[in-house]
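Chemist: Residue numbering for the sequence shown is 1 to 279, as defined by the numbering used here. Can you keep this structure in mind? I'll have questions shortly.
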Amino acid sequence: MAPVEDDNPLGHYLKDRRAKLDPAAFGIATTRRRTPGLRREEVAQRANVSATWYTWLEQGRGGAPSADVLDRLARALSLNDAEREHLFLLAQHRPPEMRFQSFEPITPQLQRVLDAMTYSPAVVRTPLWDVVAWNRAAAIVMTDYASLPPEQRNILKLIFCNDRVRGHMVNWERDARYAVAAFRAEATRIGATDAIQAMVEDLRRASPDFEAIWRDYDIQNYGQGLKHFRHEIAGDLMLEYSSFTVDGRPDLGIVVFTPATAQDVDRIKLLIEGAGEAG
């Protein structure tokens, strides 16, 4: 027998989340309640929508709610990030816009993941391409981020405004164009936030090269590729890079640079071991 298709998944999801909430957690008396969870009118009040409209929404008659209403419903139902995303997918068939805070600390568990990659430089970046975490290999091979003020730990600022970083990039123009095209694609995907617009304007004023490349409107996915670095001590290094989104934190991305050859591994090992002896 064929399974019965759910013709109102959004309504059923809202009802299920509502039923699993503890009224006492919201300061609501639990006496004389015949059903578990919050009542429809209580969720509507918490979300600042009419009880009638919310009832229609659970019944599949409420129309398509806006992103603002969905955010209020998510807060009213105490949804976590994964549940909030599921709500948007059911209601609008797309994930919500990313929410992020520059320089927000990552979890200790994620830092341990970075630190486990001894000879592969790795960083965590925001949608603004601010570097908010890194491992020892990244600090030694690429940039000592700890020595920079937080507002300067930005990949695009380093590419266009830091002469040392620019000198490390053997194919600077190619890599710079690729970075700008990938950043533009990500910025478009998450929405033109005020923070992104402000950073772009700052870079356009600070770097004629960025201004010229930005006006080309090229689009690329960052994904994966190969970069040629020239380090002052280790010499030429070929590093393959791959980028990943942090599960549960779509505003954070991990970029891992893996040595492309055995010779590159040996050079990085010597560099890291030498830095340890010097320390």
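A virtual CB, placed ideally from N, CA and C, is assigned to each residue, including glycine. In this text, all values refer to a predicted model and were calculated from it rather than measured experimentally.
1) Return the first residue and the last residue of the alpha helix (DSSP H) that residue 108 is part of.
2) Is it buried or exposed for residue 222, if we count other Cβ within 10 angstroms and need 16 for buried?
3) Between the Cα of residue 18 and the Cα atoms of 41, 31, 29, which residue gives the shortest distance?
4) Considering just the uninterrupted stretch of the alpha helix (DSSP H) at residue 65, what are its terminal residues?
5) For residue 227 and residue 68, what's the separation of their Cα atoms in angstroms?
6) Report the rounded CA-to-CA distance for residue 269 versus residue 231, giving the unit in angstroms.
7) For residue 84, I'd like the list of residues in its chain whose CB is within less than 7 Å of its CB, leaving aside the five on either flank, ordered along the chain.
8) Based on the DSSP secondary-structure assignment, which residues constitute the bridge partners of residue 224?
9) What residues in its chain sit with their C-beta under 6 Å from that of residue 256, if we drop five residues either side in the sequence?
10) Can you give the Cα-Cα distance for residue 2 and residue 88, rounded to whole angstroms?
11) How many angstroms separate the CA atom of residue 5 from the CA atom of residue 16?
12) Tell me which same chain residues have a C-beta within less than 7 Å of the C-beta of residue 275, skipping the five on either side of it?
13) Roughly how many angstroms separate the alpha carbons of residue 225 and residue 13, rounded to a whole number?
14) What are the start and end residues of each continuous alpha helix (DSSP H) run of 4 or more residues lying completely inside the stretch 164-238, in chain order?
15) What separation, rounded to the nearest whole angstrom, lies between the Cα atoms of residue 220 and residue 201?
16) Check whether the Cβ atoms of residue 138 and residue 272 sit closer than 8 Å, and answer yes or no.
17) Return the CA-CA distance between residue 108 and residue 237, expressed in angstroms with no decimal places.
18) Taking DSSP as the reference, what is the three-state secondary structure of residue 56?
19) Could you check the C-alpha separation between residue 280 and residue 264 for me, to the nearest Å?
20) Can you give the beta carbon distance from residue 134 to residue 155, rounded, assuming they're within the 8 Å contact cut?
21) With a 10 Å radius around its C-beta and 16 neighbouring C-beta atoms as the bar for buried, classify residue 151 as buried or exposed.
22) In angstroms with no decimal places, state the Cα-to-Cα distance between residue 61 and residue 198.
Modeler: If we stick to the structure as given:
1) The residue you call residue 108 lines up with position 108 of the sequence shown. Element bounds for residue 108: 108-116.
2) Here residue 222 is taken as the residue at index 222 of the sequence shown, counted from 1. So residue 222 ends up on the buried side.
3) For the purposes of this step, residue 18 is taken as residue 18 along the sequence shown, with counting starting at 1. Minimum Cα distance to residue 18 is reached at 41.
4) For the purposes of this step, residue 65 is taken as the residue at position 65 of the sequence shown. Where residue 65 is concerned, there is no enclosing alpha helix (DSSP H), given that its DSSP letter is neither H nor E.
5) For this step, residue 227 is matched to residue 227 along the sequence shown. For this step, residue 68 is matched to residue 68 along the sequence shown. Residue 227 and residue 68: Cα-Cα distance of roughly 41 Å.
6) Here residue 269 refers to the residue found at position 269 of the sequence shown. Here residue 231 refers to the residue found at position 231 of the sequence shown. So the two alpha carbons sit approximately 13 Å from each other.
7) Reading the sequence shown from its first residue, position 84 is the one you call residue 84. The answer, listed in chain order, is 74, 96.
8) Locating residue 224 in the sequence shown gives position 224, where the first residue counts as 1. Its beta-bridge partners are 242.
9) Residue numbering aside, residue 256 sits at position 256 when the sequence shown is read from its first letter. Counting only Cβ-Cβ distances below 6 Å, and skipping sequence neighbours, we find 120, 122, 242.
10) Indexing the sequence shown from 1 puts residue 2 at position 2. Indexing the sequence shown from 1 puts residue 88 at position 88. Low confidence applies to residue 2: its pLDDT is 46, below 50, so where it sits in the model is not reliable enough to give any reading.
11) Residue numbering aside, residue 5 sits at position 5 when the sequence shown is read from its first letter. Residue numbering aside, residue 16 sits at position 16 when the sequence shown is read from its first letter. Note that residue 5 scores a pLDDT of 47, beneath 50, so its modelled location is shaky and nothing firm can be said.
12) One-based indexing of the sequence shown puts residue 275 at position 275. Counting only residues of its own chain and dropping the five nearest sequence neighbours on each side, residue 275 has a CB closer than 7 Å to the CB of 140.
13) As a working mapping, residue 225 is identified with position 225 in the sequence shown. As a working mapping, residue 13 is identified with position 13 in the sequence shown. Taking the straight line joining both Cα atoms gives about 41 Å.
14) 172-190, 194-206, 208-214
15) Translated into positions along the sequence shown, residue 220 becomes position 220. Translated into positions along the sequence shown, residue 201 becomes position 201. Taking the straight line joining both Cα atoms gives about 20 Å.
16) Position 138 of the sequence shown, counted from the first residue, corresponds to residue 138. Position 272 of the sequence shown, counted from the first residue, corresponds to residue 272. Result no, Cβ atoms of residue 138 and residue 272 do not sit closer than 8 Å.
17) Taking the sequence shown and counting its residues from 1, the one referred to as residue 108 is at position 108. Taking the sequence shown and counting its residues from 1, the one referred to as residue 237 is at position 237. If I take the Cα positions, the gap works out to 30 Å.
18) On the sequence shown, residue 56 is found 56 positions in, with the first residue counted as 1. If DSSP states are grouped into helix, strand and coil, residue 56 belongs with the helices.
19) Because the chain here runs from 1 to 279, residue 280 falls outside it and cannot be looked at.
20) Taking the first residue of the sequence shown as position 1, residue 134 is located at position 134. Taking the first residue of the sequence shown as position 1, residue 155 is located at position 155. In fact, because the Cβ distance is near 11 Å, the residues do not count as touching under 8 Å.
21) Mapped onto the sequence shown, residue 151 falls at position 151. So residue 151 ends up on the exposed side.
22) Walking along the sequence shown from the start, residue 61 turns up at place 61. Walking along the sequence shown from the start, residue 198 turns up at place 198. Distance between the alpha carbons of residue 61 and residue 198 is about 41 Å.
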